[in-house]
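Undergrad: Sharing a structure, written as structure tokens. Questions coming.
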Amino acid sequence: SSSSNVRENNVVSSSSSSSSPSSSSLRERASALAEVVSSLERSLARERELRTSADAAANVLDLKNSVVSFLATENRGERLRLLPTIADLLHLAPTEVTAIEAHLAEGVVGRVGRGLARALDAEIPIPFFR
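Quick note on this note's numbering: the sequence shown kicks off at 18 and runs consecutively.
Take a look at the structure:
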């Protein structure tokens, strides 16, 4: 990650020295590329750790048990309790954890509401609304 920061800073500093109108575009591209590099580095580290760590077998078993428990329960609180364990074992990015938490917070009411909205938008006949 420090190497990606150095790469981004080099690209940004070299682009800011020019007075071309595309320097902000270059900064945006450098930032996007730095994010991609960072994501790939995290994925590679995750894969290496899962395959080569001393307790790789225990990690896989913990992951399996956590995922099974997560999927088997309908209790949102239990899923939120299991999420940090799963996030740690999979090395999830904070944005991934936040997205999952937001989905869990939405709950059944939000999903039913979205389904109903889709049905109304599609003008699908719903017998009890006639």
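No residue lacks a Cβ here, since even glycine has one placed at the ideal position from N, Cα and C. The model shown is predicted, which means the values in this text are computed figures rather than measured ones.
Leaving out five residues on either side along the sequence, give the residues of the same chain with a beta carbon under 7 Å from the beta carbon of T112.
TA: One-based indexing of the sequence shown puts residue 112 at position 95. Correct list: empty, nothing qualifies.
Undergrad: Out of E58, A119, R68, K81, state which residue places its alpha-carbon closest to the alpha-carbon of T102.
TA: For the purposes of this step, residue 102 is taken as residue 85 along the sequence shown, with counting starting at 1. Among E58, A119, R68, K81, the Cα nearest to that of T102 is on K81.
Undergrad: How big is the Cα-Cα spacing for E95 and F87?
TA: Here residue 95 refers to the residue found at position 78 of the sequence shown. Here residue 87 refers to the residue found at position 70 of the sequence shown. Rounded to whole angstroms, E95 to F87 spans 7 Å at the Cα level.
Undergrad: Please state whether DSSP places D79 in a helix, a strand or coil.
TA: Residue numbering aside, residue 79 sits at position 62 when the sequence shown is read from its first letter. It is helical.
Undergrad: Have a look at R59 and A51 and give me their C-alpha separation to the nearest angstrom.
TA: Locating residue 59 in the sequence shown gives position 42, counting from the first residue. Locating residue 51 in the sequence shown gives position 34, counting from the first residue. If you take the alpha carbons of R59 and A51, they lie about 12 Å apart.
Undergrad: Thinking C-alpha only, which one of R63, R46, A73, E45 is nearest A110?
TA: Residue 110 sits at position 93 when you count from the first residue of the sequence shown. Cα-wise, what sits closest to A110 is R63.
Undergrad: Can you give me the C-alpha to C-alpha distance between T148 and A73, rounded to a whole angstrom?
TA: No answer is possible for residue 148: the residues shown for the chain start at 18 and end at 147.
Undergrad: For T102, report the span of its alpha helix (DSSP H) as first-last.
TA: Stepping through the sequence shown from its first residue, residue 102 is reached at position 85. Here the alpha helix (DSSP H) through T102 covers 93-107.
Undergrad: Taking C-beta to C-beta, are S70 and L106 nearer than 8 Å?
TA: Taking the first residue of the sequence shown as position 1, residue 70 is located at position 53. Taking the first residue of the sequence shown as position 1, residue 106 is located at position 89. Contact: no.
Undergrad: With a cut-off of 8 Å on the beta carbons, I'd call L97 and L121 a contact; round off their distance for me.
TA: Looking up residue 97 in the sequence shown gives position 80. Looking up residue 121 in the sequence shown gives position 104. With a Cβ gap of about 6 Å, L97 and L121 count as contacting.
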